[in-house]
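Residue numbers (my numbering), protein chains in the order written: chain A, 2 to 350; chain B, 63 to 693; chain C, 1301 to 1458.
Quick reminder that beta carbons are idealized off the backbone N, C-alpha and C, glycines included.
Written below as structure tokens is the structure these notes are about.
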Amino acid sequence: MSLHPITDVAGLHRHLEAAIQLEHATIPPYLTALYSIRPGTNSAALQVLRAVAVEEMLHLTLSANILNAVGGSPDLTVPGFVPAFPAYLPDGETDFEVGLRRFSTEAIDTFLKIERPAPADGESIRTVERPPRPTMLGAGKVADDSEEHFYSIGEFYRAIEDGLIRLEAEHGPELFAGDPRRQITPEFYYSGGGEIIPVTDLTSARAAIRLIAEQGEGDGGAIFDYEDEIAHYYRFQQLVLGRYYQAGDVAGSPSGLPVDVDWGAVYPIKTNARVSDYPEGSELRRAAEAFNRDYAGFLALLTGAFQGEPARLNDAMGDMFRLKDLAGQLMRQPLDAAGMEHAAPTFEV
Amino acid sequence: MTEERNDRFEVSPEAASSIAYDVAVVGSGVSGALIAKELSGRGLRVLVIEAGPSHDLTVAEYETSLRRFYGAASKDNNAPYAANANAPMPRSTDTTKLRPGEPNADGYLVQLGPLELDSTYTRVLGGTSRHWEGKALRMLPDDFALRSRFGRAADWPLGYDDLEPYYRRAEFELGVAGEVEEQDFAGLRFAPDYVYPMHGMPRSHLDRVIADDLDGLEVARDGETFALSVRGTPQARNGVPNAAYDGGRGYRPVGAVSLHQAELGERCQGNTNCTPICPVQAKYDARRTLFQALGTGRVDLLTQAVASEVHVDPASGRVTAIDYQAYADPASAEHVTGTVRADVFVLAGNAVENARLMLASGLTGSSGLVGRNLMDHAYLLTWALMPEPVGALRGPLCTSGIEDLRTGAFRRQHAAFRFGIHNDGWGWATGSPYGDLEELVDRRNTFGPALRRALVQQISRQVLMAGMIEVLPDESNRVTVDPRYRDRLGNPRPVVSFGVPPYTLEAAAFARRLSRRLYQRLGAEDHTAYHPAEPGWVSYQGEGYVLRGGNHWAGTHVMGTSPRASVVDADQRSWDHPNLFLAGAGSMASIGTSNTTLTLAALCLRSADTIAKDLETAAAPVTATAGGAGA
Amino acid sequence: MASTDLRAEFLALSAALTGFSVFRLEGTGQTDAYLTTIGDIVGEATVDALVSVHRGLVDATGGDEAELQRGLRRELLSDAKLGPVARNLVKLWYVGTWYELPAAWRDTFGPSLRDRTFVVSPEAYTEGLLWPAVGANPAGAKPFGYGMWAKPPRIDTV
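Shown next, in the form of structure tokens:
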């Protein structure tokens, strides 16, 4: 069997749950790179990483809105929701690992792979089946010995959009029978990078998907989306190419103001650190465990926000700021006498 | 170091001199930026001249200002901005106790007293909005009619209802967060169904604790009884957009200014640093408006150019040109002098700088009032420790205040005032938390865990209530120039004389008595103390008070109905020079108990309408010159 | 980085004086900057003296916290030379500012050109421990999030 195309509501729910999981899965890697930058340095990289991380939060929330609209129930607390890093993401023609690592060219290479644009034709949705990997995407599993992967996140969302259209034709507006009070509206959500879209029907659902897809990869490779936002892929590319994109540029040749990157001004954090790397009984270990508990608490707050108490989103944002400070404290702890390697939050939830 | 110009919208001094502009605006603060935006939006070609550098149109540059603040030992309200001897600015740290007959010329302002004023302003892109706190209070209907209601000062040439539509526009431009329902005091009126663009800032925990005990407290004054209540303070800070705004169309908050994409500042995060610099740019400052003005393609920006002289045609009284001194390097006095020509000129420095430039040009006004009637609010600070930790040093600096004594029959006898409830502890009054740390470590010999516990008790319980007291116009309070005092470019520095009359002091004494009662009711330890050695110390009826400035410079070119008794008319047009507008708080005939920014914004939006009308009816085909990059 | 021993002992001394754990002090990222600052101004010999007094007290008091505190008062904080430096060290960790030493200290032990009141770096300010001690954040850095100020403060008990 194949999950694509989506032919029933259960399949739609499964894909949307996977979308939430997928959007979330990119957040710990982005935050790790972001927080590893030494304060007062790398302003451009800081802005790019922060903007992308914030938009992933937006995408996660938009996916939750769609799922709520079609009668599902987002739950970020289910076991296995947070992948064990390094993890394989279920997009990409070829496999790649996504890990928790310091801001570096390797990290940006991975981020570019995550945000790789879908082909411009917009028609085909290409998938590939592979033997199972320790990946986190439940929806990818089509049989015990096989998983289905989409070529790009854009194609994954196109599959969801197809499913929405198909099921709406079948069920009519009844498809969107979810409780509208569960929608996260602009009142509760703030960030740059696009408005939160409450989803109540096919039109708003498609608008939400369009926003997610275009912010991530650009529309068929376009640098700027319909809101004149730079797609994530090109935001990251600016750091490698050393210039900002501006209107009229072609992909690969940004011509705006120069972007200065200091790859050395970074805490030398351990890649894919684990709590078990830290001495038992040490304050460092307790702090790493506390970070993970608080991160789980953050996901629980988000879940509450998505399950009918949208005002809790604000508390979750407050948690994010606190987690950032805790992450900073961890990243400044030398793991060896010479300070060659530092600790990091492990996101083991 | 020579500063590079951004050729997207900055003009060179040579180019600026060669272009005939429709309107030339001196100053890029709230007044200048709003007028530039309004007029360029209507197709006019505008030049904005700014004395400071063009810094901070990118987030990275803005962060340089932020880091300068972090690294500054004195975190006063100009700490984020580099000192610039070509466009110097006052700093509160320059204020010293005056001795009779000895001016304080240590800083940029030359202070003659008798009251030492620690007010400042900022000469950078965006003007003093770069360090304002963001309170956006409308003036009260009574404030426009002090003479007819209370027999004091002069009535304005326009009333609250004339200005009301412009208040609404100003609240849009500045992005004000507030709740109309909370503003039902002292006759304040809003248009039917009006809501602020954004919901009010949530009240701080401290506000709630205080409101629990103070709401409903009755204060009798001059035959009237006022029931006090703690109310949210409208402020130009991004919050939750109100879906009911604009007839249900809502409002989209405007975030950080940046030449490239940076999503930041669409909502306050509680950095507790509104003054001087919001790290995420959730607080409005005039760069936002200026940036929108530049986006029309019809605004040229000439930075590092100090307006030095206004030239007038003696026959017609019309302004023919304004000279400026353009410098390439803030570290060097080297400069070239240029001349800007335009149909209409707008001085939008601020009340002090506008007057200084006029007086430096020999333009004292036929009324002789240019530079006179200098006003500011007199702040009486009171501070106490609440019984329990209330979480001081969190949230925007002020989220609530007590507004009920902002008008009443008592204004025949003494000034009106309001209390701002401060979430940032005693810092303004005592230098806390630094002073507290020094006290505990150096004198109370506390260290280790005991120090941490003592700091909680000493800091987290802090509350400061700032009494903001009206000061009426008085011709002897003034800005003058004196050839003996000049800055590095040779421009005369402002010489300030300022004192407060018994009318204000009586209100200070009343506010102090009331604050004692409030703290008694709260069970708070009143630690307020005023020392004769402090600048701003005044004695009144046997008791001493310290009055601080509010940076609300106003009145130096008051508006009125007659050229004999005022400098400008209700449109801020100079009576003597028909194509010259003196814009900003300097035009205010009185300042009531509202921070001046929202009102000056409303006045400038009104003036922009007038200027546009002037130029539309003028013979010159003005729209033909609106070429620019946008055409 | 300074020698491993000195660095560790400096952190241990700082923890005793500030009431914050070594982990929390390291979490500010300022250890090396402060060790350098203090050494540059009062000389490495004085820094050595500070940490060795503390080391001696730790050895002598064998984990008795009250005795250690007493020893710090008697041998460090009331010492004419070390006391003002120790108090400055506390303030350094709390607000990132080096305070000019008292005039009497300068007269007796010799002035240093760098001994004036200054903020060690922008990060020294934003990492100041005074703010977390009182459940707040340094003004202009490290926000709590929109509306969080409406809740009672979260203050760690010590």
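Who does residue i pair with in a DSSP beta bridge?
i	result
G400/B	Y386/B
R283/B	E286/B
W1398/C	F1418/C
R270/B	Answer is none; R270/B lacks a bridge partner.
C460/B	H484/B
I97/B	Looking at the DSSP assignment, I97/B forms no beta bridge with any residue, so it has no partner.
W599/B	V608/B
P335/A	H343/A
I154/A	Note: I154/A sits in no beta bridge, so no partner.
Could you pull the start and end residues of the alpha helix (DSSP H) that residue i belongs to?
i	result
R214/B	Element bounds for R214/B: n/a, residue is neither H nor E.
L302/A	284-307
S1314/C	1304-1318
L1431/C	Note on identity: in this sequence residue 1431/C is Trp, with Leu being the wrong assignment. It spans 1430-1433 - the alpha helix (DSSP H) in which W1431/C sits, taken as one unbroken run.
L13/A	10-26
Q239/A	233-242
At 9 Å on the CB atoms, spell out the chain C contacts of residue i, in chain order.
i	result
A748/B	Nothing can be reported for residue 748/B: it is not among the residues displayed for chain B, which extend from 63 to 693.
S522/B	V1434, G1435, A1436, P1453, I1455
N315/A	G1445, Y1446, G1447, M1448
G453/B	V1434, G1435, A1436, W1449, K1451, P1452, P1453, R1454, I1455
For a contact meaning CB atoms closer than 8 Å, what does residue i contact in chain C?
i	result
N43/A	In chain order: nothing, as chain C lies at least about 14 Å away.
R333/A	E1326, G1327, T1328, G1329
With residue i as the anchor, note down where its beta strand (DSSP E) starts and where it stops.
i	result
H373/B	367-374
R293/B	292-294
V260/A	Careful: V260/A lies outside any beta strand (DSSP E) and carries neither H nor E.
A446/B	440-447
D84/B	82-88
I111/B	108-111
P176/B	172-176
List, in order along the chain, the chain C residues whose C-beta lies closer than 7 Å to that of residue i?
i	result
G319/A	F1444, G1445, M1448
A338/A	T1304
Interface residues of chain B around residue i at Cβ under 7 Å?
i	result
Y1334/C	Simply none; closest approach about 15 Å.
R1387/C	V503, D504
A328/A	What A328/A touches in chain B: nothing, since even the nearest Cβ is about 17 Å away.
P187/A	P303
Y191/A	E328, R329
If the cut is a Cβ gap below 7 Å, which residues of chain A does residue i touch?
i	result
G1343/C	Simply none; closest approach about 24 Å.
R129/B	G41
E1309/C	The contacting residues do not exist; E1309/C stays about 13 Å from chain A at best.
P1422/C	G41
List the residues of chain D whose Cβ lies closer than 8 Å to the Cβ of residue i, in chain order.
i	result
V55/A	The chain inventory of the structure shown lacks chain D, comprising the protein chains A, B and C.
For residue i, return the contacting residues in chain B, with the cut-off set at a CB-CB distance below 9 Å.
i	result
L61/A	By Cβ distance, chain B contributes nothing, its closest Cβ being about 16 Å from L61/A, past 9 Å.
Residues of chain A with a CB under 8 Å from the CB of residue i: which are they?
i	result
V121/B	S44, Q48
Is any heavy atom in the ligand GDP found nearer than 7 Å to the beta carbon of residue i?
i	result
D486/B	By its list of ligands, the structure shown contains no ligand whatsoever, and the ligand GDP lies outside what it can speak to.
Can you list the residues of chain A that residue i reaches, using a CB-CB cut of under 9 Å?
i	result
S1321/C	E284
Curious, which full-length alpha helix (DSSP H) runs of at least 4 residues does the region 298-361 of chain B contain? Segments of the alpha helix (DSSP H) lying fully in the region 298-361 of chain B: 307-310, 348-356.
Is it a yes or a no for the region 127-144 of chain B touching the region 184-197 of chain B, going by three-plus beta-carbon pairs under 8 Å? Contact between the region 127-144 of chain B and the region 184-197 of chain B is present, because at least three Cβ pairs lie under 8 Å.
Return the chain-ordered ranges of every beta strand (DSSP E) run that is complete within the region 620-653 of chain B and spans a minimum of 3 residues. Counting only runs of 3 or more, we get 642-644.
For the region 339-355 of chain B and the region 86-98 of chain B, state whether three or more C-beta atom pairs, one from each stretch, are separated by less than 8 Å. Three or more beta-carbon pairs drawn from the region 339-355 of chain B and the region 86-98 of chain B are found closer than 8 Å, and the two stretches are therefore classed as touching.
Output the residue ranges of the alpha helix (DSSP H) runs that lie fully inside the region 462-538 of chain B and measure 4 residues or longer, sorted by chain position. 489-492, 496-500, 510-521, all fully within the region 462-538 of chain B.
Under 8 Å: do the region 265-276 of chain B and the region 450-457 of chain B share three or more Cβ pairs, one atom per stretch? Contact between the region 265-276 of chain B and the region 450-457 of chain B is established, with three or more Cβ pairs separated by less than 8 Å.
Three or more beta-carbon pairs under 8 Å between the region 1440-1456 of chain C and the region 324-339 of chain B, yes or no? Contact between the region 1440-1456 of chain C and the region 324-339 of chain B is established, with three or more Cβ pairs separated by less than 8 Å.
For the 8 Å Cβ check, are there 3 or more pairs between the region 598-615 of chain B and the region 343-350 of chain A? Contact between the region 598-615 of chain B and the region 343-350 of chain A is absent, with fewer than three C-beta pairs closer than 8 Å.
Report yes or no: do the region 644-664 of chain B and the region 392-411 of chain B share at least 3 C-beta pairs separated by less than 8 Å? Per the Cβ contact rule, the region 644-664 of chain B is in contact with the region 392-411 of chain B (3 or more Cβ pairs under 8 Å).
Assess contact between the region 378-391 of chain B and the region 597-607 of chain B, defined as three or more Cβ pairs (one per stretch) separated by less than 8 Å. Is contact present? No: fewer than three Cβ pairs fall under 8 Å.
Enumerated in chain order, which unbroken segments of the alpha helix (DSSP H) with a length of 4 residues or greater are wholly contained in the region 529-591 of chain B? Whole alpha helix (DSSP H) segments, 4+ residues: 564-584.
Decide if the region 280-295 of chain A is in contact with the region 65-76 of chain A; the criterion is three or more beta carbon pairs, one per stretch, under 8 Å apart. Contact between the region 280-295 of chain A and the region 65-76 of chain A is absent, because fewer than three Cβ pairs lie under 8 Å.
The region 107-120 of chain B in contact with the region 359-378 of chain B per 3-pair CB rule at 8 Å: In short, these stretches touch, since the Cβ pair count reaches three.
contact_flag[the region 29-44 of chain A, the region 263-282 of chain A] where n(CB pairs < 8 Å) is 3 or more: Contact annotation: the region 29-44 of chain A touches the region 263-282 of chain A, with at least three C-beta pairs closer than 8 Å.
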